[in-house]
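Data block below; observations after.
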Amino acid sequence: MSRGSHMTQRYGGSEGGFAESIRAFAEQAQQALDATFREIVIEIGSSVIRMSPVGNPEIWAANVAHRAARTAEADRYDAKVVARNEAIRQTPGNLTKAGNLKRGLRYAKPLTKTERDQNFFVNGLVTGQGYVGGRFRGNWQFSIDSPATDELDRIDPSGKEAIAALLAQVQALTIGQTAYIVNNLPYAVPLEYGHSTQAPAGMVRITLANFQRIVDAAIRANRL
């Protein structure tokens with residue numbers, strides 16, 4: 036038996052053993068890359084969802100102006116009450132020697148909170164009655180290789196449904212594919228560029244500013 040054949044026989048299977056180890060490492064490395072990619076996409080998607088403004092009629096300009104006007108009217112009423120009471124107090128003959136109002140006379144009462152609400156509508160709305168916010172937050176959609184093109188009817192004020200959908204769908208994502216996170220509502224771009232006082236700096240731009248931090252955190256979490 037030659038030395039070469041003896042070595043092959045003696046160490047038979049070693050080549051296969053090394054190959055399996057290399058293959059396992061490669062698979063593990065691929066899995067780590069996939070997990071890192073998914074984690075980055077999840078964090079980006081969750082970020083834009085969480086930062087998306089939820090419509091609130093109370094802060095709409097028309098309603099703010101309306102409530103300010105009604106509050107001013109209620110304040111004027113209360114100011115007249117104060118003036119009237121002071122006039123009563125300063126009128127000779129209206130007070131007893133002890134300084135109390137004589138029988139039959141009463142001071143006017145300022146408005147109660149309930150009267151301000153019900154009589155002067157200081158918390159009223161001129162637009163948006165019955166409006167439920169959360170459609171924009173619920174319209175973030177995740178897809179692979181091509182962007183979603185439709186709009187959703189999902190009303191999701193907390194963002195939990197949109198994030199749950201992202202978490203479920205992103206599991207199919209692997210390195211080398213293109214991930215899309217889009218919002219197709221017609222007012223998405225205005226909201227991104229300051230239309231909402233709740234998100235004056237946008238959502239996507241803030242997330243992009245944090246992109247490197249998101250990537251670094253995902254790499255550390257999935258390091259082999």
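According to our numbering, the sequence shown is numbered sequentially starting from 36. Beta carbons: idealized from backbone N, C-alpha and C, even for Gly.
- By the CB criterion at 8 Å, Y215 and F246 fall outside the cutoff.
- V89 sits in coil when the DSSP states are folded into three classes, being neither helix nor strand.
- Judged by DSSP secondary structure, Y215 falls within the beta strand (DSSP E) whose first and last residues are 214 to 218.
- In the three-state DSSP reduction, I94 falls in the helix class (H, G or I).
- Annotation: the continuous alpha helix (DSSP H) that includes Q247 extends over 246 to 256.
- By alpha-carbon distance to N158, the top candidate from R170, A104, D251, R240 is A104.
- A107 is classed as exposed because its beta carbon has fewer than 16 other beta carbons within 10 Å across all chains shown.
- In the displayed model, I190 falls within coil according to three-state DSSP, outside both helix and strand.
- For F155, the uninterrupted alpha helix (DSSP H) segment begins and ends at 148 to 155.
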